[in-house]
Amino acid sequence: MPNIAAALQPKDNALSHEVVFIDQEQLVDWDPPLLFLDAFGRQIWEEEISDQPMIRSLSALRRGEAYTVLPYNSNTTNYENLLSNAWYIGTVMMPSAFGDIDYREKAREVFHFFHGVDIYDEVETFYNPYRQLPKDSTE
């Protein structure tokens with residue numbers, strides 16, 4: 037599945053930490069088949085996607101193909117969250133390759149490696165990540 041936002045990435049510096057903002061209209065034009073939403077921004081995106089025209093405009097929301105992930109870029113890159121998200125996203129996008137993977141156990145391993153202790157339960161309680169948003173029931 038191609039990354040429809042790849043053109044927004046700086047070509048000259050692959051390690052750039054530049055934040056890119058897009059208008060809602062751009063997201064509607066792209067109409068991505070899947071959405072991964074940062075759990076830290078839940079208050080913002082819940083308000084934005086609760087708008088019926090937005091729900092009707094994005095097929096991922098209509099079909100229930102929107103998922104939450106851990107925030108990985110807050111003040112600095114949180115590599116433990118980034119790696120944990122990769123396992124989860126793999127189970128969503130490639131279930132045949134990741135079907136035997138328990139992404140929560142992988143996250144526990146990653147957090148233990150980075151922090152010396154398993155803090156996954158605390159992280160999960162705080163952010164409530166790795167959830168599939170329900171599909172729109174108005175169709």
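Residue numbering for the sequence shown is 37 to 175, as defined by the numbering used here. The beta carbon of each residue, even a glycine, is placed where N, CA and C say it ideally should be.
Q: Identify which residue in G152, N117, Q60 has its Cα closest to the Cα of F76.
A: Among G152, N117, Q60, the Cα nearest to that of F76 is on N117.
Q: Output the distance between the C-alpha atoms of S120 and K171, rounded to the nearest integer angstrom.
A: For S120 and K171, the distance between alpha carbons rounds to 24 Å.
Q: Can you grab the Cα-Cα spacing for the pair I191 / V105, in whole Å?
A: Since the first and last residues shown for the chain are 37 and 175, residue 191 lies out of range.
**Q.** Burial state of D138 (16 or more Cβ within 10 Å)
**A.** By the 10 Å Cβ count, D138 comes out exposed.
Q. Under 8 Å between the Cβ atoms of Y103 and R144?
A. Against a cut-off of 8 Å, the Cβ pair of R144 and Y103 comes out as no contact.
Q. Out of L71, A42, Q79, M90, which has the shortest C-alpha to C-alpha gap to V64?
A. For V64, the nearest C-alpha among the options comes from M90.
Q. Is P38 near the ligand HEM, going by C-beta to nearest heavy atom under 7 Å?
A. Ligands are entirely absent from the displayed structure, and the ligand HEM is therefore not among its contents.
Q | A42 to P69 span [Cα, whole Å] | A | Annotation: A42 to P69 spans about 15 Å, alpha carbon to alpha carbon.
(Q) Please return the same chain residues whose Cβ sits closer than 8 Å to the Cβ of R98, not counting the five positions on each side in sequence. (A) Same-chain partners within the cutoff: I91, R92, K171, D172, E175.
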